[in-house]
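Read top to bottom, the protein sequences are chains A and B.
FYI, the numbering for the first sequence is 1 to 291, going by our numbering.
FYI, the numbering for the second sequence is 292 to 582, going by our numbering.
Just below is one structure, and these are the notes that go with it.
Number of protein chains: 2
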Amino acid sequence: MNLFGGIEAGGTKFVCMVAGGPEDIRAETRFPTTTPDETIGRAVAFFRPLLPLKAVGVASFGPVDLDQTSPTYGFITTTPKPGWANTDITGRLQADLDLPVTFDTDVNGAALSEYRWGAARGCDTVLYITIGTGIGGGCLINGRPMHGLVHPEMGHLRLPHDPKVDPFGGICPFHGDCFEGLAAGPAMRARWGQPAETLPVDHPAWELEAHYIAMALTDLVCTLSPRRIVLGGGVFNHPGLIEQVRVKVQELLNGYVQSPVILHHMGEYIVLPGLGSRAGVLGAIALAMEI
Amino acid sequence: MNLFGGIEAGGTKFVCMVAGGPEDIRAETRFPTTTPDETIGRAVAFFRPLLPLKAVGVASFGPVDLDQTSPTYGFITTTPKPGWANTDITGRLQADLDLPVTFDTDVNGAALSEYRWGAARGCDTVLYITIGTGIGGGCLINGRPMHGLVHPEMGHLRLPHDPKVDPFGGICPFHGDCFEGLAAGPAMRARWGQPAETLPVDHPAWELEAHYIAMALTDLVCTLSPRRIVLGGGVFNHPGLIEQVRVKVQELLNGYVQSPVILHHMGEYIVLPGLGSRAGVLGAIALAMEI
């Protein structure tokens with residue numbers, strides 16, 4: 001049995017795992033994200049006694065450089081997180097562990113693990129969207145993580161925004177009322193003056209939130225034509241939100257996309273993650289398996 | 292030298308070609324699209340004396356079924372074009388010519404030919420958008436045409452639309468003011484009361500048109516992160532339009548996507564097609580080569 005290492009590299013914490021898959025987890029640890037030296041050093045110290053491993057995968061916060069022809073491939077690049085801009089996390093792990101390292105965004109990792117083991121099994125085109133402190137999106141096309149010039153920034157989609165219905169101007173420092181500026185957790189807090197998780201079930205905040213999420217998903221369906229959409233992140237802990245999103249996506253598409261799953265089985269099309277709180281680090285394990 | 296057949300299957304005309312590539316064109320013909328029997332029959336009659344060919348590619352108008360596990364794979368599906376709904380164009384060609392047939396959308400074909408031989412050489416993630424009578428988009432990811440549940444319908448993106456600036460409600464029968472409903476040729480004609488090609492260079496129509504195109508491209512950059520964007524279709528015959536689009540995309544992204552080509556070389560990022568009027572049928576040849 002081949003064993004793999006996985007690192008969910010988050011802005012707040014790192015989760016490290018050694019596993020052959022979700023049914024064969026051999027070791028796991030988590031620790032806060034401090035300086036790059038200390039944090040990457042702790043990851044290396046975790047893996048070293050567990051060698052040999054076939055490869056290590058890193059599912060990272062961003063922005064990151066995924067261009068294999070770039071001199072800064074495998075770097076965390078322009079992050080505002082103090083000390084982490086231009087960190088060669090991939091090179092450091094490769095050198096210290098003498099192992100191949102695969103590197104991708106946290107959301108591409110989550111899309112891959114949901115495809116391999118979770119809520120998107122059998123769907124080689126998967127869209128994974130997470131909505132929490134920020135909004136991010138990952139996608140597999142033909143079973144492989146989607147890269148390109150840089151990587152998707154689906155949180156920054158520009159959506160229709162009617163100021164008569166929602167006079168809130170949005171809080172994205174770059175774009176004001178983009179998707180993240182209107183619908184991430186901090187935007188909900190700024191619009192309503194209280195944290196999203198304290199808003200009652202019948203508060204109009206939730207219908208508006210479902211509307212923006214559905215609008216973004218409609219645009220993403222028209223662009224990517226995913227076979228399944230997995231929705232992660234804290235906002236979906238709200239009861240009933242995903243159901244409202246499904247209804248609104250169907251209304252917005254208005255019968256244009258003639259696919260039975262969209263026309264008749266929306267509950268199988270837009271789903272919650274299957275891997276729970278381990279989705280992130282299992283995404284890193286799945287990336288390691290892509291070697 | 293291997294030779295391939297290509298069919299650009301359009302709603303108005305079919306273009307057929309036998310070639311080894313754009314520098315090695317052996318035969319070419321075009322004829323109007325009438326009934327499926329007659330039109331596919333004429334294509335078969337064109338190819339038969341030119342056999343043997345290695346494969347035939349079809350770059351088709353849509354919607355089409357690209358799901359290889361579907362019983363209607365290779366069909367033109369729900370088109371309103373009389374007589375063409377549920378036409379098994381792929382099966383018919385395979386049976387009559389006894390050759391492998393690759394089948395895709397016209398815009399995926401165009402993306403592929405621009406990648407192989409045209410304005411997107413070396414860019415394995417390419418977005419091709421055409422704006423004319425309708426709006427369509429094709430995309431290569433990792434050098435391969437993007438498929439999924441069905442295929443992209445990028446003309447139906449929902450964009451910010453400020454009725455104070457543009458009170459025109461859009462003409463899409465499904466979505467009203469989606470991208471196609473606001474910005475395709477017929478929408479321009481309906482908004483301004485005259486065909487787009489008769490609007491003078493300094494008419495405000497063009498700045499509004501550039502605005503909607505740039506808004507859509509901004510969303511597509513955030514979703515797909517293409518390495519290059521190729522813009523085809525009649526509307527780009529208008530002098531200066533692509534230049535306006537480049538400026539507005541840069542303004543809308545507002546420095547968020549930290550890539551040198553977007554920050555400093557927009558003229559190399561958003562470009563016109565390199566293959567001119569043969570892009571469509573050469574797309575079909577390129578599809579045949581994917582066998």
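Just so it is clear, CB atoms sit at the ideal spot from N, CA and C, and this is done for glycine as well.
As the structure is a prediction and not an experimental result, all values here were calculated from the model.
DSSP lists Ile76/A as the beta-bridge partner residues of Thr87/A. Ser361/B has a beta carbon lying at 8 Å or more from every beta carbon in chain A. For His211/A, there are no C-beta contacts with chain B under 7 Å, since the nearest C-beta of that chain is about 11 Å from it. Neighbours of Gly148/A in chain B, taken as residues at a C-beta separation under 8 Å, are given in chain order as Thr416, Ile432, Leu515, Ser516, Pro517, Arg518.
A distance of 8 Å or more separates the beta carbons of Ile582/B and Pro436/B.
According to the DSSP secondary-structure assignment, Tyr256/A is paired through a beta bridge with no residue. Boundaries of the alpha helix (DSSP H) around Pro36/A: 36-47. Spatial neighbours of Arg480/B in its own chain (CB-CB distance under 7 Å, excluding positions within 5 residues in sequence) are listed in chain order as Pro486, Ala487.
Exclusion of the five residues before and after Arg227/A leaves Cys123, Thr125 as the residues of its chain whose Cβ lies within less than 6 Å of its Cβ. Here Gln359/B is exposed, its C-beta having fewer than 16 other C-beta atoms within 10 Å.
For the C-beta of Tyr256/A, the chain B residues within less than 8 Å are, from N- to C-terminus, Glu444, His447, Phe465, His466.
At a cut-off of 8 Å, the C-beta of His264/A has no neighbouring C-beta in chain B. The C-beta of Met17/A has 16 or more other C-beta atoms within 10 Å across all chains shown, which makes the residue buried. Under the 8 Å criterion on CB atoms, Thr77/A is classed as interfacial with respect to chain B. Across the set Gly143/A, Gly176/A, Trp192/A, Asp106/A, the C-alpha of Asp106/A shows the shortest separation from the C-alpha of His151/A.
With contact defined as three or more Cβ pairs closer than 8 Å, the segment 309-321 of chain B and the segment 279-290 of chain A are not in contact. Under the DSSP definition of a beta bridge, Ala59/A partners with Glu8/A, Asp104/A.
Neighbourhood of Met215/A in chain B, by CB distance below 8 Å: Arg449, in chain order.
In this structure, the CA atom of Ala336/B is about 34 Å from the CA atom of Val521/B. Sequence-ordered contacts of the segment 524-551 of chain B with chain A read Leu543, Leu544, Asn545, Gly546, Tyr547, Val548, Gln549, Ser550 [C-beta pairs closer than 9 Å]. Excluding the 5 residues flanking it on each side, Val235/A has same chain C-beta neighbours closer than 6 Å at Ile131, in chain order. Using beta-carbon distances, Thr393/B does not count as an interface residue toward chain A, since no partner is under 8 Å. Its Cα nearest to that of Tyr547/B, the residue Cys172/A stands out among Cys172/A, Leu272/A, Gly232/A, Ala216/A. The Cβ-Cβ distance between Leu157/A and Asp356/B does not fall below 8 Å. Contact between Ala55/A and Asp104/A is ruled out by a C-beta separation of about 13 Å, above the 8 Å threshold. With fewer than 16 other beta carbons inside 10 angstroms of its own, Pro495/B counts as exposed.
With a cut-off of 8 Å on Cβ pairs, the segment 153-168 of chain A is in contact with the segment 537-554 of chain B, counting three or more such pairs. Judged by pairs of C-beta atoms under 8 Å, the segment 399-406 of chain B touches the segment 557-566 of chain B, as three or more such pairs exist. Secondary structure of Glu251/A (DSSP, three-state): helix. Nearest CB-CB separation between Leu490/B and chain A: not below the 8 Å threshold. Ile462/B sits in coil when the DSSP states are folded into three classes, being neither helix nor strand. Taking all protein chains shown into account, Arg482/B has 16 or more neighbouring C-beta atoms within 10 Å of its C-beta and is therefore buried.
Distance from the CA atom of Pro200/A to the CA atom of Pro239/A, rounded to whole angstroms, is 10 Å. Pro186/A: member of the alpha helix (DSSP H) spanning 185-192, first to last residue.
Using a CB distance cut-off of 8 Å, Thr509/B counts as an interface residue toward chain A. Contact residues of the segment 321-347 of chain B toward chain A are absent (C-beta to C-beta distance below 7 Å).
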